[in-house]
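Numbering (my numbering), first residue to last: 43 to 229.
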């Protein structure tokens, strides 16, 4: 009984930390704007970023409340973190070239695939493991396609930007798939 109470307390502290961290992340650009002209956000930028943070937070809360399985919760967290980072990077600077490169829309297909896949497997852990693995494979295929065709090669960060984004997002989503797989075996 004491162990269950400790797990609940830990979960509550983690949730509070996550929401405070989100608020802190929203304030960072505001503080940076006071010290440098390189960060120049409009009200719209803050609204979009705040909406993204709130959306990810609410989706995680809903998913995490639906289960007590820690592996599933971590899997959801990693999947949502990857989706958030992909969206933020793509809107802010773009992954392939710059934010105006039309090839970047391919990355939003990953999010659509993940969402539709989650609905098809009804958010069951074993199915979610497969969906996240499929999303990762498609991520690698998009990167290979962009590198092979030289998409965004005029960017000073090419090909580093594509490679770094692929490695980071791939690691998050494979980690998510492994957590879902573990959760599926435990249920």
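From the three backbone atoms N, C-alpha and C, an ideal C-beta is built for every residue, glycine too. As the structure is a computational prediction, the values presented were derived from the model and not from experiment.
Identify which residue in the options has its Cα closest to the Cα of residue i.
{"i": "residue 127", "options": "142, 78 and 149", "result": "149"}
{"i": "residue 71", "options": "54, 171 and 81", "result": "81"}
{"i": "residue 210", "options": "67, 131, 113 and 100", "result": "131"}
{"i": "residue 129", "options": "153, 89, 140 and 120", "result": "153"}
{"i": "residue 185", "options": "227, 145, 125 and 90", "result": "145"}
{"i": "residue 183", "options": "207, 166 and 165", "result": "207"}
{"i": "residue 160", "options": "133, 219 and 139", "result": "219"}
{"i": "residue 189", "options": "60, 138 and 62", "result": "138"}
{"i": "residue 133", "options": "99, 83, 221 and 105", "result": "83"}
{"i": "residue 200", "options": "221, 163, 228 and 143", "result": "143"}
{"i": "residue 97", "options": "110, 61 and 74", "result": "61"}
{"i": "residue 53", "options": "223, 119 and 85", "result": "119"}
{"i": "residue 203", "options": "68, 179 and 141", "result": "141"}
Within the 8 Å Cβ cut-off, does residue i reach chain C?
{"i": "residue 218", "result": "In summary, chain C is missing from the structure at hand, where a single protein chain is found."}
Going by DSSP, what residue range makes up the alpha helix (DSSP H) through residue i?
{"i": "residue 147", "result": "147-162"}
{"i": "residue 103", "result": "85-107"}
{"i": "residue 126", "result": "112-134"}
{"i": "residue 211", "result": "202-228"}
{"i": "residue 180", "result": "167-191"}
Do residue i and residue j have their C-beta atoms within less than 8 Å of each other?
{"i": "residue 174", "j": "residue 215", "result": "yes"}
{"i": "residue 156", "j": "residue 135", "result": "no"}
{"i": "residue 64", "j": "residue 101", "result": "no"}
{"i": "residue 212", "j": "residue 181", "result": "yes"}
{"i": "residue 117", "j": "residue 221", "result": "yes"}
{"i": "residue 121", "j": "residue 115", "result": "no"}
Report task. Decide if the segment 191-198 is in contact with the segment 75-91; the criterion is three or more beta carbon pairs, one per stretch, under 8 Å apart. Result -> When Cβ pairs closer than 8 Å are counted between the two stretches, the segment 191-198 is seen not to touch the segment 75-91, the count staying below three.
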